[in-house]
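Each remark here refers to the structure printed beneath this line.
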Ligand code: NG1
Ligand code: ZN
């Protein structure tokens with residue numbers, strides 16, 4: 015350990031760049047790629063420890079900075095279930111990444127092992143699967159991670175290569191379930207479950223000629239590369255990939271990708287007025303975010319956006335409908351009680367929340383960050399969560415899946431496998447295979463969207479019209495110390511400084527459908543302001559006046 019730590023000294027200012035420290039935020043450690051090796055090496059040590067603590071279960075390391083610029087990089091750890099590393103280890107992660115010298119690092123590690131009862135020595139084993147995105151600093155950071163892992167006796171590193179973030183999370187989960195954790199197993203699962211979904215589309219639902227055509231903006235990242243690999247096997251879908259990451263096509267996340275399209279609401283690089291009317295999707299650089307869009311007119315570069323909230327709404331409608339079909343079936347002796355929960359954050363457009371509540375669904379809120387949403391979603395038989403920016407998935411409890419399996423057996427033994435109930439059961443089973451259970455996954459999400467659109471015989475327009483988004487505005491405010499703002503109620507209210515919430519309330523009552531909240535960002539040194547109102551002018555004005563109180 016001493017040897018490895020001395021090979022990766024912290025920058026003189028103590029890590030993370032000028033004057034700042036590494037902090038394990040909503041997305042792990044993230045910084046300029048060139049400054050990351052010490053943090054990534056230490057993340058390797060951390061991951062090996064995590065696996066040792068969990069009796070040698072496989073954990074994961076992903077080297078990516080997602081939608082951020084190509085020069086940035088980052089590292090995060092996946093727990094054995096494929097989800098984010100347990101939050102109570104984050105403070106150890108911070109301390110480890112910022113330990114000033116090899117001796118301090120060694121002391122910290124030994125103390126932590128003692129406190130947590132982590133078994134050290136040659137009788138114990140640890141496994142860490144590693145994946146990275148296409149960033150040029152990835153290979154060099156992978157080496158730093160490997161050195162960190164190999165410094166721990168008994169730890170075994172397995173490099174899974176260049177992958178989407180959700181592929182690596184899926185592999186970690188699979189490995190611990192005794193399922194083959196290879197890329198081909200992942201692809202096979204997607205392709206087969208997508209085919210099952212299409213086989214279950216009612217025969218009368220054939221769309222027009224554009225219905226199967228989809229153009230995908232791959233953000234010049236890894237998602238487009240993987241989609242190219244499997245698209246020929248996705249029968250029933252005609253996919254064209256742009257910004258595919260091929261040499262000369264453009265720079266990762268630059269003027270393209272899900273974050274760009276969702277924030278700027280304009281066409282990504284490589285799209286033109288000739289694409290008017292075609293359904294398009296955009297992935298982010300590591301393919302864990304997905305949004306849809308359509309070029310609105312031939313005269314400007316604006317798009318009609320379908321964000322994470324509307325993807326969630328489509329999923330919720332579909333799942334609710336299947337549950338209703340199952341439970342309305344006269345031949346089902348026992349109904350299938352299912353607790354369906356929708357999880358959003360304060361950034362969800364108010365119109366989406368209203369739409370979901372009007373359907374009679376249970377909608378709950380958590381703070382920003384997938385780790386909070388995912389955890390909440392696991393409390394339901396079926397939990398659907400999405401951030402407005404397009405990160406989300408649907409999680410099915412194991413108990414519910416086994417109830418579906420028994421019901422499918424019961425129905426087929428009664429010769430009911432032509433019935434509507436049986437088909438609905440099979441659709442939910444296929445959905446649970448198709449949609450990544452570990453983490454939000456743009457590729458599996460995209461196939462789920464496509465299957466549902468075909469099932470409903472819906473065009474992009476039908477989907478858009480589910481509800482109209484309320485106009486909104488997001489602003490960033492630079493402050494001296496963003497941690498001086500403390501929030502409560504899933505970040506919808508400010509608790510400190512207490513006068514700030516009163517000021518926000520006073521501004522908000524002046525607007526019809528006004529809603530506004532502020533929170534310190536977990537990934538940037540800013541305070542974010544979000545406002546919604548009946549018109550764009552009002553949303554802009556509310557955001558602006560509240561930003562003045564913050565700054
Ligand atoms: P912060 O910087 O904490 O707002 C951003 C996104 C999150 C999440 C994380 C992780 C918004 C408003 N915030 O967090 O949703 O995606 O990055 O990447 O989009
Ligand atoms: Zn991402």
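Residue numbers (the UniProt record's numbering): 15 to 565. Heads up, the beta-carbon is just placed ideally off N, CA and C, and yes, glycines get one too.
With residue 465 and residue 96 assumed to form a contact (beta carbons below 8 Å), what rounded beta-carbon distance in angstroms separates them? At roughly 22 Å, the Cβ-Cβ gap does not stay under 8 Å, so residue 465 and residue 96 are not in contact.
Can you tell me which of 296, 182, 189 and 144 puts its alpha carbon nearest to the alpha carbon of residue 231? 296
Would you mind sorting residue 30 into buried or exposed? The rule is 16 or more other CB atoms within 10 Å of its CB. Residue confidence is low: residue 30 scores 44 on pLDDT, short of 50, so the model does not pin down where it sits. Its coordinate-derived value is still stated next. Its Cβ being crowded by 16 or more others within 10 Å, residue 30 is buried.
Ligand 2 heavy atoms versus the CB of residue 78: any closer than 8 Å? yes
With 16 as the cutoff for other CB atoms within 10 Å, does residue 455 come out buried or exposed? buried
Spatial neighbours of residue 548 within its chain, please: CB distance less than 6 Å, with the 5 preceding and 5 following residues excluded, ordered by chain position. 526 and 527
If you reduce the DSSP assignment to three classes, tell me which class residue 329 lands in. helix
Quick check: the Cα distance between residue 160 and residue 258, rounded to an integer number of angstroms? 29 Å
Between which two residues does the alpha helix (DSSP H) carrying residue 157 extend? 152 to 164
Burial state of residue 299 (16 or more Cβ within 10 Å): buried
Could you tell me the distance, in whole angstroms, from the CA atom of residue 342 to the CA atom of residue 435? 8 Å
Do the CB positions of residue 556 and residue 522 come within less than 9 Å of each other? yes
Count the C-beta pairs between the region 45 to 62 and the region 154 to 170 that are closer than 8 Å, then say yes if the count reaches three, no if not. yes
With the cut-off set at 9 Å, would you say residue 38 and residue 130 are in Cβ contact? no
Host alpha helix (DSSP H) of residue 441 (start-end): 434 to 448
List the DSSP bridge partners of residue 507. 502
Three or more beta-carbon pairs under 8 Å between the region 360 to 379 and the region 394 to 404, yes or no? yes
Pull the bridge partners of residue 295 from the DSSP assignment, please. 230 and 306
If I follow the unbroken alpha helix (DSSP H) through residue 101, where does it start and stop? Run containing residue 101: none; DSSP gives neither H nor E here.
Please classify residue 81 as buried or exposed, where buried requires at least 16 other C-beta atoms within 10 Å of its C-beta. buried
Confirm the yes/no value for this check: CB of residue 86, any heavy atom of ligand 2, distance under 8 Å. no
If you drop the 5 nearest sequence neighbours on each side, which residues of the same chain put their C-beta closer than 6 Å to that of residue 58? 159, 162 and 163
Identify whether residue 24 lies in helix, strand or coil by the three-state DSSP scheme. coil
Is it the case that the Cβ atoms of residue 41 and residue 537 are separated by a distance below 9 Å? yes
Validate contact between the region 326 to 334 and the region 463 to 482 using beta carbons, cut 8 Å, 3 pairs: yes
Counting pairs of Cβ atoms below 8 Å between the region 417 to 427 and the region 137 to 146, do you hit three or more? no
Residue 409, buried or exposed, once every other Cβ within 10 Å from all chains shown has been counted against 16: buried
What ranges does the beta strand (DSSP E) occupy inside the region 365 to 428, keeping only unbroken runs of at least 3 residues that lie completely in it? 376 to 379, 396 to 400 and 406 to 410
Segment contact flag, the region 317 to 329 with the region 248 to 262, C-beta cutoff 8 Å, min 3 pairs: no
Taking a contact to mean a Cβ-Cβ separation below 9 Å, would you say residue 395 touches residue 444 in this structure? no
Residues that residue 40 bridges to, as DSSP identifies them: 42
Give the secondary structure of residue 285 by DSSP, where H, G and I count as helix, E and B as strand, and everything else as coil. coil
Within the region 49 to 81, note down every full beta strand (DSSP E) run reaching 3 residues or more, in order along the chain. 72 to 77
If you run the structure through DSSP and keep just helix, strand and coil, what is residue 206? helix
Cα-Cα separation, residue 293 to residue 214: 22 Å
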